[in-house]
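What follows is a set of notes on a single structure, which appears directly below.
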Amino acid sequence: MLKTELASVDLEIRSLKAERERILGDIARVQGRLENVPRVEQELLSLTRDYDNIKNSYESLLDKRLNARLYENLEKSQQGESFTIIERALPPTSPYGPNKLLVLGLGLIAGGLMGLLAALLRERSDHTYPDVESLQQAFPGLPVLATIPVFQSARSASRTRRR
Numbered sequence: 004m005l006k007t008e009l010a011s012v013d014l015e016i017r018s019l020k021a022e023r024e025r026i027l028g029d030i031a032r033v034q035g036r037l038e039n040v041p042r043v044e045q046e047l048l049s050l051t052r053d054y055d056n057i058k059n060s061y062e063s064l065l066d067k068r069l070n071a072r073l074y075e076n077l078e079k080s081q082q083g084e085s086f087t088i089i090e091r092a093l094p095p096t097s098p099y100g101p102n103k104l105l106v107l108g109l110g111l112i113a114g115g116l117m118g119l120l121a122a123l124l125r126e127r128s129d130h131t132y133p134d135v136e137s138l139q140q141a142f143p144g145l146p147v148l149a150t151i152p153v154f155q156s157a158r159s160a161s162r163t164r165r166r
């Protein structure tokens, strides 16, 4: 009985060793396939890219062929039409462009009016009294207590003297 148990255990050990070897072989095959996955993936990406490029080229060629046929049909339909020159083009006798004297005159008038308008606005916005008499006329009956003289910088004083 011990021999039979020993034989059965020995048989079980052999079968487990064989199964282990088979599993190790399966693992090696799976690892080999896993190592090939990046290469196969790169090949797939390359093939997909090439396919897309070829497909785009094909569609472009189909469009060009369609356009060529359309132009060919258009030329055939317009074959009888031709253009003839009835009269030669002549250069203009006077230049086509703005009237310089009119523009100059309008510019001078507009500049003068703008200068007058600027002077008027400056005068209207100046709320100071240049002298004591104008202050007394603006406020009759009130005495003038003091006046503030106009201060001139050295630069403005030299300009005034030059005039």
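When the count follows the numbering used here, it moves up by one through the sequence shown with no breaks and lands on 166 for the last residue.
Using N, Cα and C, we set each Cβ at its ideal position, and we do this for glycine too.
- Sorting L77, V153 and G144 by C-alpha distance to the C-alpha of T131 places V153 at the top.
- Membership of G118 in the alpha helix (DSSP H) is indicated by the continuous run K103 to S128.
- Per DSSP, Y74 is one residue of the alpha helix (DSSP H) stretching across L5 to S80.
- Per DSSP, reduced to three states, the secondary structure at L145 is coil, with no helix or strand assignment.
- Judged by DSSP in its simplified three-state form, T163 adopts helix.
- Residue state for V135 is assigned as helix, using DSSP reduced to three classes.
- Secondary structure at A92: coil, using DSSP grouped into helix, strand and coil.
- Linking A31 to N56 through their CA atoms gives a straight-line distance of about 38 Å.
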